[in-house]
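Peer 1: Structure below; questions to follow.
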Amino acid sequence: MKRRAGPDGMHLFDRRTGLNVLFDEVDVPETQWARAPRQVSIALTNACDLACPFCYAPKTAAVLDADRLCAWIDELDAEGCLGIGFGGGEPTLYRRLSQVSRHAAERTSLAVTMTTHAHRLTPSLVDALALRQGPGGADVARCLSRTASGRTPVLRG
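Numbering-wise, the sequence shown is residues 410 to 566 according to the numbering used here.
What follows is the structure in structure tokens.
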């Protein structure tokens with residue numbers, strides 16, 4: 410179980426069981442606050458294979474180095490972050506997504522979420538991403554997809 414002290418109180422979190430409790434009546438001294446934010450959104454790439462008129466993501470070519478990203482993920486976990494969310498562009502176009510997802514699942518206690526249009530999710534990709542709840546798999550609680558019609562279906566991994 411991970412304990413995170415911050416300005417909002419004491420947060421208890423366990424990715425494996427789903428426990429997520431914030432004791433907001435606890436007054437934590439600033440010197441004991443976690444150094445990392447509670448949740449971090451990471452744009453893995455700006456690439457996208459759709460052209461949605463409502464999309465705010467920049468369309469310039471950019472991609473994160475996977476080794477550097479895994480080091481950041483380790484640091485975020487060690488400093489009290491509770492979860493990371495992969496986005497973009499379209500995160501399933503990031504060539505090392507399965508490596509980074511497995512790294513987070515196997516080496517950290519972070520919750521992992523992903524915002525995607527879900528058009529590229531196949532059973533083999535889901536397996537490669539370790540999108541399984543419980544020990545050894547990323548706890549992908551939500552995978553949001555936005556369609557051209559503006560509807561937002563929710564897929565649970």
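For each residue, glycine too, the CB sits at the ideal point set by N, CA and C. Treat the numbers as computed from the prediction; the structure is a model and nothing was measured.
According to DSSP, which residues form a beta bridge with residue 429?
Peer 2: 422, per the DSSP bridge assignment.
Peer 1: Per the contact definition of three or more C-beta pairs closer than 8 Å, is the region 470–480 in contact with the region 520–535?
Peer 2: Judged by Cβ distances under 8 Å, the region 520–535 makes no contact with the region 470–480, as fewer than three pairs qualify.
Peer 1: Excluding the five sequence neighbours on either side, which residues of its own chain have a C-beta within less than 6 Å of the C-beta of residue 447, listed in chain order?
Peer 2: Hits under 6 Å: 491.
Peer 1: Restricting to Cα atoms, I'd like to know which of 422, 450 and 413 is closest to residue 439.
Peer 2: Of the candidates 422, 450 and 413, the one whose C-alpha sits nearest the C-alpha of residue 439 is 413.
Peer 1: Is residue 543 helix, strand or coil when you go by DSSP?
Peer 2: For residue 543, the pLDDT reaches just 47, beneath the cut-off of 50, and the residue's location in the model is therefore unreliable, although a value from the coordinates is still provided. Three-state DSSP puts residue 543 in coil, outside helix and strand.
Peer 1: What number of angstroms, rounded off, separates the C-alpha of residue 498 from the C-alpha of residue 486?
Peer 2: Roughly 24 Å separates the two Cα atoms.
Peer 1: Does DSSP classify residue 538 as helix, strand or coil?
Peer 2: Note: residue 538 maps to coil in three-state DSSP.
Peer 1: Can you have a look at residue 504 and say buried or exposed, based on whether 16 or more other CB atoms are within 10 angstroms of its CB?
Peer 2: Per the 10 Å Cβ criterion, exposed.
Peer 1: DSSP puts residue 498 in a beta bridge; with which residues?
Peer 2: DSSP, once it has assigned bridges, lists no residue as partnering residue 498.
Peer 1: For residue 428, which residues of its own chain have a beta-carbon under 8 Å away from its beta-carbon, when the five flanking residues on both sides are left out?
Peer 2: Once the five neighbours on either side are set aside, the close Cβ partners of residue 428 are 410, 421 and 422.
Peer 1: Measure from the alpha carbon of residue 437 to the alpha carbon of each residue in 514, 451 and 419, then state which is nearest.
Peer 2: Considering only alpha carbons, the answer is 419.
Peer 1: Within its chain, find whatever has a CB closer than 6 Å to the CB of residue 494; leave out the 5 residues flanking it on each side and keep chain order.
Peer 2: For residue 494, where only same-chain residues beyond five positions count, the Cβ hits under 6 Å are 450 and 522.
Peer 1: Go to residue 453, then tell me how far its beta strand (DSSP E) extends in each direction, as first and last residue.
Peer 2: Where residue 453 is concerned, the enclosing beta strand (DSSP E) stretches over 448–454.
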